[in-house]
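J.:
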Amino acid sequence: MRHLLRRPVLALVPFLLAVSVAGVSQADHIIGTSCGGAAKCAGHEFWPKMTLDDVQKTPERGTNTLRGKAGTHNDELLGWHGSDTLLGGDGDDVLWADHIGTNQPKGQVDVLSGGNGNDFLYSAAGRNTMTGGPGNDAIKARYGRGTVNCGPGRDIVHLPKSRRKNWKFSNCEKYEYRSESATGQGLKTLP
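Using this note's numbering, read the sequence shown as starting at 1200 and increasing by one per residue.
#1: From Trp1279 to Asn1317, what does the alpha carbon distance come to, in whole angstroms?
#2: Determine the extent of the beta strand (DSSP E) in which His1357 is found, giving its start and end residues.
#3: I'd like to confirm the pairing. Which residues does DSSP put opposite Leu1311 in its beta bridges?
#4: DSSP has Gly1345 in a bridge; who is on the other side?
#5: So if DSSP puts Asn1302 in a beta bridge, which residue, or which two residues, is it bridged to?
#6: Nearest-angstrom Cα distance between Glu1372 and Gly1261?
#7: Terminal residues of the continuous beta strand (DSSP E) containing Phe1319?
#8: Look up Thr1264 in the DSSP assignment and give the residues it is bridged to.
#9: Looking at the unbroken beta strand (DSSP E) that takes in Lys1256, where does it start and where does it end?
#10: Ordered along the chain, which non-local residues of its own chain (more than five positions away) have a Cβ less than 6 Å from that of Lys1178?
#11: How would you call Gly1269, buried or exposed, if buried means at least 16 neighbouring beta carbons within 10 angstroms?
#12: Is the separation between the beta-carbon of Gly1345 and that of Gly1332 shorter than 8 Å?
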């Protein structure tokens, strides 16, 4: 009986690995999966391609710094409930001030800098300082408060109109106002 049970499980391993690798190559948000289902997660259809090796996550608490890899790698840097500094590299990067969508501390202070490339930046519930850098960046300022310097390039900021008073913006070409309840919509950089 033990022999019969072992074979089907081993036969599934290549399939599961193929699904896992295929999912990563499509730039799915692979680590921050506890956002309550696909409808509540950020849309990823316009994100750059990346692999599991391009994803870094900070510890849950504390003051942490993550740097994107050297060269033109596309990095995904995931802050958590601490006060984090996320520094993208020269690729097209995805930076999350806090990758868990619930119970974000309002006292956290996060710094996000996209660097070169067409980057995607997401704010957290606390105070945020977000800089897009050179390139066509998409910045989501749905949560928290702070400053956004979009930088050189054609940049777009997505936010609920009711939250605009919490932010100071500079060098941003376009603002897209989404309702407070809008979920699952992907950010898209400007052409």
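Where a beta carbon is used, it is the ideal one built from N, C-alpha and C, also for glycine.
T.: Based on what the coordinates show:
#1: 23 Å
#2: 1355-1358
#3: Leu1285, Met1329
#4: Asn1327, Trp1366
#5: Looking at the DSSP assignment, Asn1302 forms no beta bridge with any residue, so it has no partner.
#6: 34 Å
#7: 1319-1321
#8: Thr1284
#9: 1254-1256
#10: The chain is shown only over 1200 to 1390; residue 1178 falls outside these bounds and no answer can be derived.
#11: Note that residue 1269 corresponds to Ala in the displayed sequence, not to Gly. With fewer than 16 Cβ atoms within 10 Å of its Cβ, Ala1269 is classed as exposed.
#12: no
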